[in-house]
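Visitor: Submitted below is the structure of interest, expressed as structure tokens.
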Amino acid sequence: MAGKSIELSDLPTETLQLLVEKCDFLSRRRLRASSTLMCQVVNSTKLFIPSVEVGLWGGEVKVKLKFDQPEKEYALKFKKNQTGGTQICQDCREDVLVENSDYMVEGIDWFRQMCLQKNVTIGRLEIEAIFNPLKVEETLDLVLRKSETPLKIKSIFCVGMTTADIMWKIMHYSDKKVLKEMKVKHRKARSFFTSEILMVFDLCRNLKKIEFECTCIVSDEDLLALNASVIVLKLENFSEDLIYKLIEKFTNRREEGSAFWIVDSKLADRKQKLEYRNQLIDTNEPTVYLRLSDCEVILEIGDTSKAHFWIEDPDYDLLDDR
Numbered sequence: 002m003a004g005k006s007i008e009l010s011d012l013p014t015e016t017l018q019l020l021v022e023k024c025d026f027l028s029r030r031r032l033r034a035s036s037t038l039m040c041q042v043v044n045s046t047k048l049f050i051p052s053v054e055v056g057l058w059g060g061e062v063k064v065k066l067k068f069d070q071p072e073k074e075y076a077l078k079f080k081k082n083q084t085g086g087t088q089i090c091q092d093c094r095e096d097v098l099v100e101n102s103d104y105m106v107e108g109i110d111w112f113r114q115m116c117l118q119k120n121v122t123i124g125r126l127e128i129e130a131i132f133n134p135l136k137v138e139e140t141l142d143l144v145l146r147k148s149e150t151p152l153k154i155k156s157i158f159c160v161g162m163t164t165a166d167i168m169w170k171i172m173h174y175s176d177k178k179v180l181k182e183m184k185v186k187h188r189k190a191r192s193f194f195t196s197e198i199l200m201v202f203d204l205c206r207n208l209k210k211i212e213f214e215c216t217c218i219v220s221d222e223d224l225l226a227l228n229a230s231v232i233v234l235k236l237e238n239f240s241e242d243l244i245y246k247l248i249e250k251f252t253n254r255r256e257e258g259s260a261f262w263i264v265d266s267k268l269a270d271r272k273q274k275l276e277y278r279n280q281l282i283d284t285n286e287p288t289v290y291l292r293l294s295d296c297e298v299i300l301e302i303g304d305t306s307k308a309h310f311w312i313e314d315p316d317y318d319l320l321d322d323r
């Protein structure tokens, strides 16, 4: 005699959540659409997305969710069509047309639906906007302010100078207890332009890692008040007094893997550099190294592989497969 079949609705919530935890992103999406019960279960089950990439160009928004396996990537492209609506494109599926809609609002709202949930945490958010960044910032503000849930991201990676204000906007709507790292990176093609970014101190105060490839405008007082254990900055004409105070602060903390790298942006193009490296202490505590040249100061404490400067990543470009 055949055994009695068990419906999903008969299972306790804890068991359903364990089942959902084993499902990939697409399977969760299908379960979510299957019933009101499964929608509630999926929404209450934790989901970690290792990487989310958002690219905003002229007439197009691309959002890509990246998981541990490349075949598990999930990407949508939102394009402005000829009638003024939005064309939503996805690999191996027919395009979807949404009339009387703004492609940018549609794209950012989809990002909100996927990522701005209580149960969702993003490992790294990478964002680039090279077209009409002011409109992007305004659209982000319009869409993200609707949610009572802050965006949970561990690190934010901003590509291109035009994206900086957008980065600050996203950080404003992020959970400050979760966000620990940030970086601003030049695109290679534009790296020869002189550019500056004003650091928003309140958003950076408690980060663990801060990196700017462009010149950063920040007062000595704010720089010394940062709690980050890894700091990479370009400054104009940094003073000896500032460097002495930074060295004192970092060596007093002796936090394993901490480091700072300060570059004088006006001297950074000099070809001849005099480098000095010396072990400052010889104890069982984390070893401190100091390297000096005519345009930069690098201080490393202990195992700096833990620090791993993003700025040293070779030839990295966001969404270079678009």
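To get our numbering, take the position in the sequence shown, counting from 1, and add 1. Note that CB positions come from ideal geometry on N, CA and C, so glycine has one too. Computed from a prediction, not measured in an experiment: that's the story for all the values here.
So Asp110 and Val137 are supposed to be a Cβ contact under 8 angstroms. How far apart are they, rounded?
Guide: The residue given as residue 110 occupies position 109 in the sequence shown. The residue given as residue 137 occupies position 136 in the sequence shown. So it is not a contact: roughly 13 angstroms between Cβ atoms.
Visitor: Taking 7 angstroms as the limit between beta carbons, can you name the residues of its chain near Val21, skipping five residues before and five after?
Guide: One-based indexing of the sequence shown puts residue 21 at position 20. Closer than 7 angstroms at the Cβ level, and outside the excluded window around Val21, lie Arg29, Leu32, Val42, Val43 and Thr46.
Visitor: Could you have a look at Arg292 and say whether DSSP puts it in helix, strand or coil?
Guide: Along the sequence shown, one-based indexing puts residue 292 at 291. Arg292: strand per DSSP, three-state reduction.
Visitor: Given Glu15, which residues of its chain have a CB within under 6 angstroms of its CB, disregarding the five upstream and five downstream residues?
Guide: Translated into the one-based positions of the sequence shown, residue 15 becomes position 14. Taken in chain order, the list of residues that qualify is empty.
Visitor: Could you tell me the boundaries of the beta strand (DSSP E) in which Cys215 lies?
Guide: Position 214 of the sequence shown, counted from the first residue, corresponds to residue 215. Per DSSP, Cys215 belongs to the beta strand (DSSP E) from Lys210 to Ile218.
Visitor: The alpha helix (DSSP H) that contains Ser28, what's its start and end?
Guide: The sequence position of residue 28 within the sequence shown is 27, counting from 1. From DSSP, the alpha helix (DSSP H) with Ser28 extends over Phe26 to Ser35.
Visitor: Excluding five sequence neighbours on each side, which residues of the same chain lie with their C-beta closer than 7 angstroms to the C-beta of Glu256?
Guide: Position 255 of the sequence shown holds residue 256. Cβ within range, chain order: Ser230 and Ile302.
Visitor: Expressed to the nearest angstrom, what Euclidean distance is found between the alpha-carbon atoms of Thr140 and Ser259?
Guide: As a working mapping, residue 140 is identified with position 139 in the sequence shown. As a working mapping, residue 259 is identified with position 258 in the sequence shown. Rounded to the nearest angstrom, the two C-alpha atoms are 37 angstroms apart.
Visitor: By DSSP's criteria, Ala76 is part of a beta bridge. Which residues make up the other side?
Guide: To locate residue 76, count along the sequence shown from 1; it is residue 75. Looking at the DSSP assignment, Ala76 forms a beta bridge with Lys65.
Visitor: Quick check on the DSSP output: the alpha helix (DSSP H) that includes Glu237 runs from which residue to which?
Guide: Taking the first residue of the sequence shown as 1, we reach residue 237 at position 236. Note, Glu237: premise wrong, no alpha helix (DSSP H); not H, not E.
Visitor: Quick check: the Cα distance between Asp92 and Lys78, rounded to an integer number of angstroms?
Guide: For the purposes of this step, residue 92 is taken as residue 91 along the sequence shown, with counting starting at 1. For the purposes of this step, residue 78 is taken as residue 77 along the sequence shown, with counting starting at 1. When rounded, the distance between both Cα atoms is 9 angstroms.
Visitor: Would you list the residues sitting across from Gly56 in a DSSP beta bridge?
Guide: Position 55 of the sequence shown, counted from the first residue, corresponds to residue 56. Partner(s): Lys63 and Glu129.
Visitor: With distances taken from CA atoms, which of Leu225, Asn133 and Gln70 is nearest Gly1?
Guide: Shown here, the chain extends from 2 to 323; a query on residue 1 therefore has no answer.
Visitor: Could you name the residues of the same chain whose beta carbon sits closer than 7 angstroms to that of Thr163, not counting the 5 residues immediately before and after it, in chain order?
Guide: One-based indexing of the sequence shown puts residue 163 at position 162. Cβ within range, chain order: Ala130, Ile131 and Pro134.
Visitor: CB Leu199 to CB Ile248, shorter than 9 angstroms?
Guide: Position 198 of the sequence shown, counted from the start, is the residue given in the question as residue 199. Position 247 of the sequence shown, counted from the start, is the residue given in the question as residue 248. Taking 9 angstroms as the Cβ cut-off, Leu199 and Ile248 do not qualify as a contacting pair.
Visitor: Leaving out five residues before and five after Ser266 in sequence, what residues of the same chain have Cβ atoms less than 6 angstroms from its Cβ?
Guide: By one-based count along the sequence shown, residue 266 stands at place 265. Counting only Cβ-Cβ distances below 6 angstroms, and skipping sequence neighbours, we find Thr216, Lys235 and Glu237.
Visitor: How about Ile218 and Ile171: do their beta carbons lie closer than 9 angstroms?
Guide: Sequence index remark: in the sequence shown, residue 218 carries index 217 (1-based). Sequence index remark: in the sequence shown, residue 171 carries index 170 (1-based). No, the Cβ-Cβ distance between Ile218 and Ile171 is not below 9 angstroms.
Visitor: Under 6 angstroms Cβ to Cβ from Lys119, same chain only, skipping five residues before and after it: list those, please.
Guide: If you number the sequence shown from 1, residue 119 lands on position 118. Here the set comprises Thr150.
Visitor: Can you have a look at Tyr104 and say buried or exposed, based on whether 16 or more other CB atoms are within 10 angstroms of its CB?
Guide: In the sequence shown, the residue the question calls residue 104 occupies position 103. Its Cβ being crowded by 16 or more others within 10 Å, Tyr104 is buried.
Visitor: Determine the direct distance from the alpha carbon of Leu243 to that of Glu197, and round the result to whole angstroms.
Guide: Translated into the one-based positions of the sequence shown, residue 197 becomes position 196. Translated into the one-based positions of the sequence shown, residue 243 becomes position 242. Answer to the nearest angstrom: the Cα atoms are 20 angstroms apart.
Visitor: Please classify Ile7 as buried or exposed, where buried requires at least 16 neighbouring CB atoms within 10 angstroms.
Guide: The residue labelled residue 7 in the question sits at position 6 within the sequence shown. Exposed: under 16 other Cβ atoms inside 10 Å.
Visitor: Using the DSSP secondary-structure output, state which residues sit across from Leu152 in a beta bridge.
Guide: As a first step, residue 152 is located in the sequence shown; it is residue number 151 there, counting from the start. BP columns for Leu152 point to Ser175.
Visitor: So does Asn133 have its beta carbon nearer than 8 angstroms to some heavy atom of the ligand SAH?
Guide: With respect to the ligand SAH, the structure offers nothing, as it holds no ligand at all.
Visitor: Taking Cβ positions, are Lys354 and Tyr75 nearer each other than 9 angstroms?
Guide: Here the chain comprises residues numbered 2 to 323, so residue 354 is not present and cannot be evaluated.
Visitor: At what residues does the beta strand (DSSP E) containing Gln83 begin and finish?
Guide: In the sequence shown, counting from the first residue as 1, residue 83 sits at position 82. Where Gln83 is concerned, there is no enclosing beta strand (DSSP E), given that its DSSP letter is neither H nor E.
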